[in-house]
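Visitor: Residue numbers (this note's numbering), protein chains in the order written: chain A, 1 to 114; chain B, 1001 to 1116.
Backbone N, C-alpha and C define an ideal beta-carbon position, used for all residues, glycine too.
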């Protein structure tokens, strides 16, 4: 079974631009979560989607948004980029996002904001 | 709120040495506990998990036991290899809004370097 895929793997943007990242979950998985990883803050939860609905959101500004499509693929968007948005963005999928479900991670998208 | 504390390292060991990475947690309810590993330039891979007290998760020679009385989930391996060099993250599942979905709360990660 194919794993979680994320595109693109690397992005370079300048301040003020916006960016869209894509995530394709493991086949059959309906829950998709996004995490931001930085050296200073570590791994932080952004949001989670299930059946095209956002069920949970972390403590990030409204510039960070996402959506999920009917095939469970997900995108996240960051508008008005800031230098501090430079990070590795990880997508994870699970069957239903339940308490014992394992989240499987993709390789991440490395975003650099100049 | 829920949180995870793990030794931050870095930890440097010689091949075949014994490894312990401590992890303690604070959580309401009965979370599931996980260890993930991240190799350079890659995403996170699940190493092992435990979903209830006294469960032992194991994989590739690594083990961790869910200790509710000490709120701990320490990672151990009897004999490390150079290929085990990576960053290890302890995590717990915490309920989201409405309690119907769960997110992972991670520790800061522990960098392990194993020398030949």
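Anything in chain B within Cβ reach of residue 112 of chain A, meaning under 8 Å, just list it in chain order.
Guide: Locating residue 112 of chain A in the first chain gives position 112, where the first residue counts as 1. Simply none; closest approach about 14 Å.
Visitor: Suppose you measure from the CA of residue 11 of chain A to the CA of residue 1070 of chain B; what does that come to, to the nearest Å?
Guide: To locate residue 11 of chain A, count along the first chain from 1; it is residue 11. To locate residue 1070 of chain B, count along the second chain from 1; it is residue 70. Going from the Cα of residue 11 of chain A to the Cα of residue 1070 of chain B covers about 43 Å.
Visitor: Can the beta-carbon of residue 1036 of chain B be found closer than 7 Å to that of residue 1092 of chain B?
Guide: Here residue 1036 of chain B is taken as the residue at index 36 of the second chain, counted from 1. Here residue 1092 of chain B is taken as the residue at index 92 of the second chain, counted from 1. In this structure, residue 1092 of chain B does not lie closer than 7 Å to residue 1036 of chain B by Cβ.
Visitor: With H, G and I counted as helix, E and B as strand and the rest as coil, what does DSSP make of residue 74 of chain A?
Guide: Position 74 of the first chain, counted from the start, is the residue given in the question as residue 74 of chain A. Looking at residue 74 of chain A - three-state DSSP - the assignment turns out to be strand.
Visitor: To be precise: take each residue of the stretch 40 to 52 of chain A, compare its Cβ to all Cβ atoms of chain B, and keep it if any distance is under 7 Å. Which residues remain?
Guide: For the stretch 40 to 52 of chain A, the beta-carbon criterion of a distance under 7 Å to any beta-carbon of chain B is satisfied by 42, 43, 45, 48 and 50.
Visitor: By DSSP's criteria, residue 1113 of chain B is part of a beta bridge. Which residues make up the other side?
Guide: By 1-based counting over the second chain, the position of residue 1113 of chain B is 113. Beta-bridge pairing links residue 1113 of chain B to B/1012.
Visitor: What does residue 108 of chain A touch in chain B if you count any residue whose Cβ is under 7 Å from its own?
Guide: For this step, residue 108 of chain A is matched to residue 108 along the first chain. The answer, in chain order, is 1043.
Visitor: Who are the near neighbours of residue 1077 of chain B in its chain, counting only those whose CB is closer than 6 Å to its CB and skipping five residues on each side?
Guide: Here residue 1077 of chain B corresponds to residue number 77 of the second chain, with the count starting at 1. The residues are 1019, 1061 and 1062.
Visitor: CA-CA distance, residue 88 of chain A and residue 60 of chain A?
Guide: Taking the first residue of the first chain as 1, we reach residue 88 of chain A at position 88. Taking the first residue of the first chain as 1, we reach residue 60 of chain A at position 60. C-alpha separation (whole angstroms): 15 Å.
Visitor: Please report the straight-line C-alpha distance between residue 1079 of chain B and residue 1046 of chain B, rounded to a whole angstrom.
Guide: Start at 1 with the first residue of the second chain, and residue 1079 of chain B comes out as number 79. Start at 1 with the first residue of the second chain, and residue 1046 of chain B comes out as number 46. Approximately 20 Å between the Cα atoms of the pair.
Visitor: With 16 other CB atoms within 10 Å as the buried threshold, where does residue 1049 of chain B fall?
Guide: Along the second chain, one-based indexing puts residue 1049 of chain B at 49. Buried is the call here.
Visitor: Name, please, each residue of chain B whose Cβ falls closer than 7 Å to the Cβ of residue 103 of chain A.
Guide: On the first chain, position 103 is the one that residue 103 of chain A refers to. Neighbours of residue 103 of chain A on chain B, chain order: 1104.
Visitor: Compare the Cα-Cα distances from residue 5 of chain A to each of A/90, A/113, A/98 and A/102 and report the closest residue.
Guide: For the purposes of this step, residue 5 of chain A is identified with residue 5 of the first chain, where counting begins at 1. Ranking A/90, A/113, A/98 and A/102 by Cα distance to residue 5 of chain A puts A/90 first.
Visitor: I'd like to confirm the pairing. Which residues does DSSP put opposite residue 1051 of chain B in its beta bridges?
Guide: Walking along the second chain from the start, residue 1051 of chain B turns up at place 51. DSSP output for residue 1051 of chain B lists no bridge partner at all.
Visitor: Could you work out which residues of chain A lie near residue 1109 of chain B, taking near to mean beta carbons separated by less than 7 Å?
Guide: In the second chain, counting from the first residue as 1, residue 1109 of chain B sits at position 109. Correct list: 42.
Visitor: Pull up the distance between the alpha-carbon of residue 108 of chain A and that of residue 1067 of chain B, whole angstroms please.
Guide: Taking the first chain and counting its residues from 1, one reaches residue 108 of chain A at position 108. Taking the second chain and counting its residues from 1, one reaches residue 1067 of chain B at position 67. Cα to Cα, residue 108 of chain A sits roughly 32 Å from residue 1067 of chain B.
Visitor: Compare the C-beta of residue 30 of chain A against all C-beta atoms of chain B and say whether one is closer than 7 Å.
Guide: In the first chain, residue 30 of chain A corresponds to position 30, counting from 1. Closer than 7 Å: no.
Visitor: Check whether the Cβ atoms of residue 46 of chain A and residue 54 of chain A sit closer than 7 Å, and answer yes or no.
Guide: Numbered from 1 along the first chain, position 46 holds the residue referred to as residue 46 of chain A. Numbered from 1 along the first chain, position 54 holds the residue referred to as residue 54 of chain A. Cβ distance not < 7 Å, so residue 46 of chain A and residue 54 of chain A don't count as in contact.
Visitor: Can you have a look at residue 981 of chain B and say buried or exposed, based on whether 16 or more other CB atoms are within 10 angstroms of its CB?
Guide: No answer is possible for residue 981 of chain B: the residues shown for chain B start at 1001 and end at 1116.
Visitor: Could you list the residues in the stretch 14 to 30 of chain A with a C-beta less than 7 Å from some C-beta on chain B, going in chain order?
Guide: none
Visitor: Strictly below 9 Å CB to CB, what residues from chain B border residue 90 of chain A?
Guide: Looking up residue 90 of chain A in the first chain gives position 90. Neighbours of residue 90 of chain A on chain B, chain order: 1043 and 1044.
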